[in-house]
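*Asks:*
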Amino acid sequence: MDGLGSVYSESGGLIAKSGEEILRAADGWEINVRSPWRTVLPKIVFAGFGKKASSKLYVTTQRIVLVRDIDVWREVKGELTPLGLPAAAAKEIHLKNLKEKGARQYCEIWPRELRLVKKKLGRSSWLDLRLLGNDDKQYAVTMWKTDGLDAETLRLIESQFAR
């Protein structure tokens, strides 16, 4: 809910910052962010979904933002075990309430505050980045198009990290 009204609108559109211009808005993208990249069990900062998701990726002059509808089933299915059932039920109620209020999941990346260490491109619209923050924190960021190809958006994303 913390992004509603400041990062995205009730309809899910991006709210631009002062002096910011939206360069591209593309449907069907996903992002996975983990930190640090070199540990055995890294912390997931933002979990991407392996399958198609209802999302929109915005590339602006200052940031890259993914806004995604909350998929309650994807969020609770991992907890549907005999011991996890009460927690899954509580999480489902909480997420449904957030969704009713217009909340979405979002991931906001500020490329100018990150230094590119390594980049890998996949055959389709897939990009894997290793980044260092201004505070020397490591991030592994993977972005991909969930259905089809989108070379234009991929090139634009790459250009945001080129310095």
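When you line the sequence shown up against our numbering, it's residues 12 to 174, in that order.
Idealized CB from N, CA, C, for every residue including glycine.
By the DSSP assignment, the alpha helix (DSSP H) with residue 170 in it spans what residues?
*Replies:* Per DSSP, residue 170 belongs to the alpha helix (DSSP H) from 162-172.
*Asks:* Run through DSSP, which three-state label would residue 104 get?
*Replies:* helix
*Asks:* Give the secondary structure of residue 98 by DSSP, where H, G and I count as helix, E and B as strand, and everything else as coil.
*Replies:* helix
*Asks:* Can you check which of these residues, 132, 159, 97, 126, is closest to residue 147 by C-alpha distance?
*Replies:* 126
*Asks:* Which complete beta strand (DSSP E) runs does the region 54-88 hold, if anything under 3 residues is left out?
*Replies:* 54-57, 66-71, 75-79
*Asks:* What does the alpha-carbon distance come out to for the pair residue 111 and residue 15?
*Replies:* The alpha-carbon atoms of residue 111 and residue 15 are separated by roughly 12 Å.
*Asks:* Is it buried or exposed for residue 155, if we count other Cβ within 10 angstroms and need 16 for buried?
*Replies:* buried
*Asks:* With residue 115 and residue 78 assumed to form a contact (beta carbons below 8 Å), what rounded beta-carbon distance in angstroms separates them?
*Replies:* Under the criterion of beta carbons closer than 8 Å, residue 115 and residue 78 qualify as touching, at roughly 5 Å.
*Asks:* Bridge partners for residue 52 per DSSP, in chain order?
*Replies:* None; residue 52 has no bridge partner.
*Asks:* May I have the straight-line CA-CA distance separating residue 135 from residue 106, to the nearest angstrom?
*Replies:* Going by the C-alpha atoms only, they are around 32 Å apart.
*Asks:* Helix, strand or coil: how does DSSP classify residue 148 here?
*Replies:* coil
*Asks:* Suppose the cutoff is 7 Å on Cβ atoms and the five residues either side in sequence are ignored; what does the same chain contact list for residue 142 look like?
*Replies:* If we look at residue 142 and ignore the five residues flanking it on each side, its Cβ neighbours are 125, 126, 127, 128, 150, 152.
*Asks:* Which residue's Cα is closest to the Cα of residue 64: 161, 82, 76, 169?
*Replies:* 82
*Asks:* Is it true that the CB of residue 37 sits closer than 9 Å to the CB of residue 164?
*Replies:* Cβ distance < 9 Å, so residue 164 and residue 37 count as in contact.
*Asks:* Between which two residues does the beta strand (DSSP E) carrying residue 18 extend?
*Replies:* Here residue 18 belongs to no beta strand (DSSP E), and DSSP marks it neither H nor E.
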